[in-house]
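Residue numbers (full-length UniProt numbering): 1 to 317.
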């Protein structure tokens, strides 16, 4: 490896022959001599690795393909860890570890912007949008419910920014921590022990663990990727499962980083909030159609003066 080779992009892939070409084609123009792309093909029965090598040769992309069969109790967390471990062992001048997914298309200057942020903080969480050409599927979502969930997320993030340790940075940000766009410095990654070898949610867990060590995390809106809207996802509990719940017309539980209002208020009053993003147990997650009352409770807790002033202007009956 050359001395300039300081950035690894880790991509887990399982049966991604239809998507990996577009993913790597988007990476290629941004991958200078200092970038190595490590594709961790796992539990795959299609031509993902073969197609990836063909695309890499076409664009002159420095690509390493690792092929693994993982046990049933492991998944994308293990795949990301395998890729990062390879970079740590083989790249003597490694400084930055970036991750995305095989069904994603990175945004403009994704690598440059990640590097820029990582010169100032220990980890950067990018913003995930949907692939424009696939966005039609979102039209079948109940937009009223989507708006409610977005409003509630803002309130929950406000709670954490005010009262959770080391979380002031999430105020007014997208607050996401998705493996589709993560960047971590080598020292921070080593300090936290790497990605957990779990089937899903390894992305949020590593950010939560970094915060618990006092590491600086930034949720950057200028670092973007577009993710597919497919409904046959690779990781249980991932984006595809979330989409299916939201377009199916069911009264789904909201994102598992969003607890019900009483739980949040109780934990806040006990100084018991952990780092963002939390993993909320199912029994403490509200259903989306119950959000209006949870929104009202959090607003009253966060902004009591505004609630009092509003009540003063209500006409008497």
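We put the CB at the ideal spot given by N, CA and C, even for glycine. Small disclaimer: the values here were computed from a predicted structure and weren't measured.
DSSP beta-bridge partners for residue i?
{"i": "residue 97", "result": "8, 184"}
{"i": "residue 224", "result": "127"}
{"i": "residue 120", "result": "Paired residue(s): none; residue 120 is not in a bridge."}
{"i": "residue 67", "result": "41"}
{"i": "residue 13", "result": "41"}
{"i": "residue 257", "result": "Beta-bridge pairing links residue 257 to no other residue."}
{"i": "residue 104", "result": "227"}
{"i": "residue 268", "result": "DSSP, once it has assigned bridges, lists no residue as partnering residue 268."}
{"i": "residue 219", "result": "125"}
{"i": "residue 192", "result": "According to DSSP, which records beta bridges pairwise, residue 192 is partnered with nothing at all."}
{"i": "residue 35", "result": "7"}
{"i": "residue 81", "result": "DSSP, once it has assigned bridges, lists no residue as partnering residue 81."}
{"i": "residue 323", "result": "Examination of residue 323 is not possible in this model, given that the chain is present from 1 through 317 alone."}
Measure the C-alpha to C-alpha separation of residue i and residue j and round it to an integer number of angstroms.
{"i": "residue 119", "j": "residue 287", "result": "40 Å"}
{"i": "residue 77", "j": "residue 167", "result": "24 Å"}
{"i": "residue 73", "j": "residue 144", "result": "37 Å"}
{"i": "residue 172", "j": "residue 163", "result": "15 Å"}
{"i": "residue 304", "j": "residue 75", "result": "45 Å"}
{"i": "residue 5", "j": "residue 71", "result": "32 Å"}
{"i": "residue 150", "j": "residue 263", "result": "19 Å"}
{"i": "residue 108", "j": "residue 174", "result": "18 Å"}
{"i": "residue 308", "j": "residue 254", "result": "No answer about residue 308 holds up, because its pLDDT of 46 lies below 50 and its placement is not dependable."}
{"i": "residue 268", "j": "residue 221", "result": "28 Å"}
{"i": "residue 301", "j": "residue 295", "result": "10 Å"}
{"i": "residue 293", "j": "residue 261", "result": "9 Å"}
{"i": "residue 193", "j": "residue 132", "result": "36 Å"}
{"i": "residue 93", "j": "residue 44", "result": "31 Å"}
{"i": "residue 3", "j": "residue 68", "result": "Bear in mind that a pLDDT of 43 at residue 3, under 50, signals an unreliable position, so the model cannot answer this."}
{"i": "residue 212", "j": "residue 191", "result": "11 Å"}
{"i": "residue 165", "j": "residue 271", "result": "9 Å"}
{"i": "residue 285", "j": "residue 208", "result": "19 Å"}
{"i": "residue 283", "j": "residue 204", "result": "19 Å"}
{"i": "residue 139", "j": "residue 66", "result": "38 Å"}
{"i": "residue 21", "j": "residue 50", "result": "10 Å"}
{"i": "residue 199", "j": "residue 81", "result": "12 Å"}
{"i": "residue 97", "j": "residue 142", "result": "37 Å"}
{"i": "residue 146", "j": "residue 265", "result": "23 Å"}
{"i": "residue 54", "j": "residue 7", "result": "22 Å"}
{"i": "residue 130", "j": "residue 137", "result": "10 Å"}
{"i": "residue 48", "j": "residue 289", "result": "41 Å"}
{"i": "residue 23", "j": "residue 161", "result": "34 Å"}
{"i": "residue 117", "j": "residue 202", "result": "21 Å"}
Since residue i contacts residue j with CB under 8 Å, what's their CB separation in whole angstroms?
{"i": "residue 113", "j": "residue 223", "result": "5 Å"}
{"i": "residue 227", "j": "residue 128", "result": "5 Å"}
{"i": "residue 258", "j": "residue 152", "result": "6 Å"}
{"i": "residue 219", "j": "residue 159", "result": "Contact flag wrong, Cβ pair sits at about 16 Å."}
{"i": "residue 148", "j": "residue 298", "result": "Incorrect: roughly 12 Å between the Cβ atoms, too far for contact."}
{"i": "residue 229", "j": "residue 79", "result": "So it is not a contact: roughly 22 Å between Cβ atoms."}
{"i": "residue 278", "j": "residue 177", "result": "So it is not a contact: roughly 11 Å between Cβ atoms."}
{"i": "residue 100", "j": "residue 225", "result": "6 Å"}
For the candidate residues the options, whose alpha-carbon lies nearest to that of residue i?
{"i": "residue 105", "options": "29, 148, 40, 220", "result": "29"}
{"i": "residue 84", "options": "179, 43, 302, 225", "result": "179"}
{"i": "residue 63", "options": "283, 281, 260, 9", "result": "9"}
{"i": "residue 90", "options": "136, 54, 111, 36", "result": "36"}
{"i": "residue 46", "options": "111, 18, 33, 34", "result": "18"}
{"i": "residue 318", "options": "200, 69, 252, 34", "result": "In the structure as shown, the chain starts at 1 and stops at 317, and residue 318 therefore has no counterpart that could be examined."}
{"i": "residue 32", "options": "111, 281, 103", "result": "111"}
{"i": "residue 210", "options": "289, 123, 137, 282", "result": "123"}
{"i": "residue 52", "options": "96, 82, 102", "result": "102"}
{"i": "residue 216", "options": "82, 66, 125", "result": "125"}
{"i": "residue 196", "options": "188, 189, 206", "result": "206"}
{"i": "residue 251", "options": "22, 214, 81, 291", "result": "291"}
{"i": "residue 256", "options": "200, 189, 48, 281", "result": "281"}
{"i": "residue 95", "options": "188, 198, 161", "result": "188"}
{"i": "residue 157", "options": "7, 275, 121, 27", "result": "275"}
{"i": "residue 214", "options": "121, 27, 117", "result": "121"}
>> Between the segment 44 to 63 and the segment 183 to 203, can you find at least three pairs of beta-carbon atoms closer than 8 Å?
In response: By the Cβ test, the segment 183 to 203 is not in contact with the segment 44 to 63, since fewer than three Cβ pairs between them sit closer than 8 Å.
>> If contact is defined by three or more beta carbon pairs under 8 Å, each pair taking one atom from either stretch, is the segment 6 to 19 in contact with the segment 40 to 51?
In response: yes
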